[in-house]
Amino acid sequence: DEEDYGKDEL
Amino acid sequence: MNIFRLAGDMVHLLSFVVLVLKINATKSCRGISLKTQELYTLVFVCRYLDLFSNFISMYNTTMKIVFLGTSFAILYLMRGHKVIKVTYDREQDTFRYLFLVLPCALLALLIHNAWTPFEVVWTFSIYLEAVAILPQLVLLQRTQNIDNLTGNYVFLLGLYRGLYILNWIYRYFTEPHYIQWIVWISGIVQTILYLDFFYYYIKSWKNNVKLALPS
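This is the structure:
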């Protein structure tokens, strides 16, 4: 979901 | 991972290399804003709270440790190194932290994806990163004779977020459900803050003259 996406970026 | 993201990360990494190189080679941190460096360190500490609890890849973990380590190393050089710390432009670097930290904290409390401590702190780091360059830009404007490495450092920092925008566009079209409003808008604001600097940087490069920002 939206929270988890983006956490793989720095 | 797409090419824009990788290029963005490498440019970000390179900006650290250039900054450490400048400070070490000239034994001087003249023209570098300690405030911006402290804000970036706060950004990384807040964003990478999940460093040991949320494993994504070896690449991610390594880069996070490098970013954190380098940020603290730069703070040490500017605040603790006997020779370098006396070259810091304390009187010129007058931007107030609170003007940036407080609005970002309030905004993170109001606008976030989930009401959990980790998510709010993470969102705060996204907002703060967008504006953390401001003390550095103000200091650059006050600095006569900006040296090449300092100019290149700021240029690379701006370029990094610009490349991330291309990465987000790419991911939006290639990954279903990839929507990141908070990160996108903050990243666009962050890049816009550099536009004026980019203009003078490219102009000085094309005309082969030393970079100077009009005050």
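So the sequence lines, in the order shown, correspond to chains A and B. Per the working numbering, the first sequence runs over residues 6 to 15. Per the working numbering, the second sequence runs over residues -13 to 201. Think of the CB as a built atom: it goes at the ideal place given N, C-alpha and C, for glycine as much as any other residue. Just so we're clear, the structure is a prediction, and the values are computed from it rather than from any experiment.
Roughly how many angstroms lie between the CA atoms of residue i and residue j, to the nearest whole one?
i, j, result
"C15/B", "S1/B", "15 Å"
"Q23/B", "M(-4)/B", "19 Å"
"Y150/B", "F183/B", "18 Å"
"K21/B", "Y156/B", "33 Å"
"D75/B", "H163/B", "47 Å"
"F41/B", "T47/B", "7 Å"
"L15/A", "M49/B", "8 Å"
"Y180/B", "F104/B", "29 Å"
"L84/B", "V124/B", "16 Å"
"I165/B", "M(-13)/B", "16 Å"
"V195/B", "N134/B", "10 Å"
"L199/B", "S39/B", "44 Å"
"I119/B", "T136/B", "13 Å"
"N99/B", "D13/A", "16 Å"
"Q176/B", "K68/B", "34 Å"
"W167/B", "D36/B", "21 Å"
Beta-carbon separation of residue i and residue j under 7 Å?
i, j, result
"L86/B", "V117/B", "yes"
"Y187/B", "F141/B", "yes"
"V106/B", "C32/B", "no"
"F(-10)/B", "L145/B", "no"
"L5/B", "F30/B", "no"
"K13/B", "I60/B", "no"
"P121/B", "S201/B", "no"
"L207/B", "I9/B", "No statement about residue 207/B is possible, as the shown extent of chain B runs from -13 to 201 and does not include it."
"S57/B", "T27/B", "yes"
"V169/B", "G11/A", "yes"
"G17/B", "I132/B", "yes"
Does the beta carbon of residue i come closer than 7 Å to any beta carbon on chain A?
i, result
"M44/B", "no"
"Q78/B", "no"
"V169/B", "yes"
"Q166/B", "yes"
"M(-4)/B", "no"
"M64/B", "no"
"F104/B", "no"
Leaving out five residues on either side along the sequence, give the residues of the same chain with a beta carbon under 6 Å from the beta carbon of residue i.
i, result
"I178/B", "none"
"S190/B", "L197"
"C90/B", "F110, Y113 and L114"
Taking 6 Å as the cut-off, is the CB of residue i close to at least one heavy atom of the ligand ATP?
i, result
"S39/B", "Summarising the ligand content, the structure contains no ligands, and the ligand ATP is consequently not present."
Near residue i, what residues of its chain come up, given a Cβ to Cβ distance below 8 Å and the 5 sequence neighbours on each side ignored?
i, result
"I215/B", "In this structure chain B extends from -13 to 201, so residue 215/B is not present and cannot be described."
"L7/B", "L135"
Flag this pair as touching only if the segment 73 to 81 of chain B and the segment 110 to 128 of chain B have three or more C-beta atom pairs under 8 Å; answer yes or no.
-> Below 8 Å, enough C-beta pairs join the segment 73 to 81 of chain B and the segment 110 to 128 of chain B to call them touching: three or more.
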